[in-house]
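The structure appears right after this line, and notes come after that.
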Amino acid sequence: MLRTSRPPSVHSTNTELGDPFSAHLRPPPGETEPDRQLRLQQEAEAKRISDSIDEELKQDAKRISKRKQDVKLLLLGQAESGKSTLQKQFQLMYNPNSLEEERLSWRPVVYYNIVRPIRRIFEVVDAYAELDYDDPESVIGTPDSVGIGSSSGDHSIDSTTAEREISTLRLRLSPLLTTEASLAERLSGGNAAAAPSAKGNLLVRSGWQLLGKGKRDRTSYGGRNSLDAAPRRSDDSGKADTDKLIEEVAAILSACKDDVRELWEHHHVRKLREKRRLRLEEWAEFFLDNITRVSSSGYIPTTDDILHARIQTMGVAEHIFDMSLHGRTVTWHLYDVGGARGQRHTWVPYFDDASAIIFMAPVSAFDQYLEEDPRTNRIDDSLQLFTNICSHRLLKHAHLVLFLNKTDVLQAKIARGVRVNKYITSYGDRPNEFDSVVNYFRAHFTQVHKRNNESMRVLYTHLTSVVDKKATHSVITNVRDSIFRVYLQSAALV
Ligand SMILES: Nc1nc2c(ncn2[C@@H]2O[C@H](COP(=O)(O)OP(=O)(O)OP(=O)(O)O)[C@@H](O)[C@H]2O)c(=O)[nH]1
Ligand SMILES: [Mg+2]
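Okay, so the sequence shown: first residue is 393 according to this note's numbering, each after it adds one.
Printed below as a string of structure tokens:
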């Protein structure tokens, strides 16, 4: 047994025995009544502060212990794989009001998603005009040319007429094209890192739609290891300016919507698309196909528009939802990450307490290359990334779900006759049909999982098109149930 002795510095009367602080608390000798009142007041205030600190610590401890029971779901995958779109679907199901509040903020994104492709159309028209305006087939093969037979070419049209028509449209659309830089500036909040890439992708911190608003709902922004700071908020005067800008763009677009439609439907542009000299992303095609509606005055983005709108995520955004199942409410933290190569280092701080991962692989991307590394096929990159995720030691116990996404785009490409074996030579002479292609890609991802499955976990795979509300809500319910099952099992073991 330990023997203790009082420190020699403490001299005390019997009542102070063992309490080194009592000497400090004793009223000073000769204390007057006003001094005594003041001292008592100060002591009461000190106690109030101390009690409130104790209470805060208690609440913190409660929050931390509750947070440990929360579900943390990471959405991972390369850029453009559909992570933010899936996040919007979660938001629609579990926090529809917040999507409602953001609705108008999607207008500049939709406009940017129209203006940028129009510039791209003119660039491609220029690139091929020198050879033969009327006959893109005469163009010497590009890496992407697939040699599909011409189906609707009208060779009787005089090429100089086509050239003249397109020049006129270019002139008429020039006011619209000049808005591109201001829209980019508006969306990026003046962030230099968010400047548009060569392809026109704007790198913007997720949650940008709440900039300048008084509140952020339950969305917060990646800040672990201080890799990401909170987003900048524009002040009210800035917001008034930017809103004026959006109204101006809306007015310009409304005035030239027929020209946009004429350009998009022009036989020369159609031919360039058929020959695959002009390849626009799915969102660009979606908004150009809907140009009359989207450019009408008083336009408010529909939910479908929001699901199709494209803006590239920067850093990590946390979205929080409460979900109830079997009478139990559990808080879910959804982490939507930026998928471009330069963004992937921001993921790791979120790995060690992840309960589940949804890995998104866009299967339609077999004929595309990474914007950040044009030599890498996007399916190859997805497989490589999936290998890293499956074998990552911090993620060993996370529930693993794979979405083979953009199946609708894959279906359309195959229907247009794009051959998979032209880009994925190992596909060989298997049939160029949807089921066969999907099964081939699925087998590759399954193989990666099998080879990197030390912890013997199950891989749950879904074929998805996350712009489809009904189908995606059913998949989300399925994924939620499977994550909950594991969650309840592990909770029972605690
Ligand atoms: N047609 C179709 N479009 C999709 C699908 N999934 C996503 N998209 C579209 O593809 C674009 C890119 O999707 P995002 O959700 O922004 O991709 P992301 O994975 O968040 O990309 P980063 O933020 O750059 O990592 C958006 O315009 C979406 O509307 C799909 O299944 N089908
Ligand atoms: Mg994103």
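Even for Gly, the Cβ is constructed at its ideal location relative to N, Cα and C.
message = So, with DSSP's three-state summary, where would you put I749?
response = Correct three-state label for I749: strand.
key: Extent of the continuous beta strand (DSSP E) to which Q704 belongs   = 704-706
task = Buried or exposed for L449, please, with buried defined as at least 16 other CB atoms from any protein chain shown within 10 angstroms of its CB.
result = exposed
query = Thinking just about the alpha-carbon of each residue, which of S756, E710, E557 is nearest to the one in T738?
reply = Among S756, E710, E557, the Cα nearest to that of T738 belongs to E710.
request  = Give the DSSP bridge partners of D765, in chain order.
outcome  = Looking at the DSSP assignment, D765 forms no beta bridge with any residue, so it has no partner.
query = Which runs of the alpha helix (DSSP H) fall wholly inside the region 634-690 and span at least 4 residues, in chain order?
reply = The region 634-690 contains these whole alpha helix (DSSP H) runs: 649-657, 659-666, 674-681, 683-686.
query = How long is the line joining the alpha carbons of V335 and D744, rounded to whole angstroms?
reply = Outside the modelled stretch of the chain, which goes from 393 to 886, sits residue 335, for which no answer is possible.
query = DSSP three-state call for M715: helix, strand or coil?
reply = strand
ask   = Taking 7 Å as the cut-off, is the CB of D773 close to at least one heavy atom of ligand 2?
value = no
ask   = Going by alpha carbons, who is nearest to V812 out of F795, D800, Y832, E764?
value = Y832
key: Contact under 8 Å by Cβ, L468 with F751   = In contact: L468 and F751 (Cβ atoms closer than 8 Å).
ask   = Under three-state DSSP, which class holds D728?
value = strand
task = Could you tell me if I868 is buried or exposed, where buried requires 16 or more neighbouring beta carbons within 10 angstroms of its beta carbon?
result = Buried is the call here.
message = Please state whether the Cβ-Cβ distance between L699 and F713 is less than 8 Å.
response = no
Spatially closest choice to H660 from S866, P766, E557, by CA coordinates = Nearest C-alpha to H660: E557.
inquiry  = Does the region 819-828 come into contact with the region 653-672, if we say contact requires no fewer than three beta-carbon pairs (one atom in each stretch) closer than 8 Å?
reply    = Because the criterion of three Cβ pairs below 8 Å is not met, the region 819-828 and the region 653-672 do not touch.
message = Could you check if S476 belongs to the surroundings of ligand 2, using beta carbon to heavy atom distance under 7 Å?
response = yes
ask   = Any idea which residues DSSP pairs L851 with across the strands?
value = L792
ask   = Excluding five sequence neighbours on each side, which residues of the same chain lie with their C-beta closer than 7 Å to the C-beta of V840?
value = By the criterion of a C-beta distance shorter than 7 Å, V840 is surrounded in its chain by L775, F778, T779, C782, once the five residues flanking it on both sides are discounted.
message = Does L794 pass the burial test, meaning 16 or more other C-beta atoms within 10 Å, or should it be called exposed?
response = The residue is buried, with at least 16 neighbouring Cβ atoms inside 10 Å.
ask   = Leaving out the 5 sequence neighbours to the left and right, which residues in its chain are closer than 7 Å to L575 when beta-carbon positions are compared?
value = P500, Y503, Y504, V507, V641
message = Within the continuous beta strand (DSSP E) that includes K464, where are the two ends?
response = Taken as a continuous stretch (DSSP letters only), the beta strand (DSSP E) holding K464 covers 463-468.
message = Suppose you measure from the CA of Q434 to the CA of D427; what does that come to, to the nearest Å?
response = 11 Å
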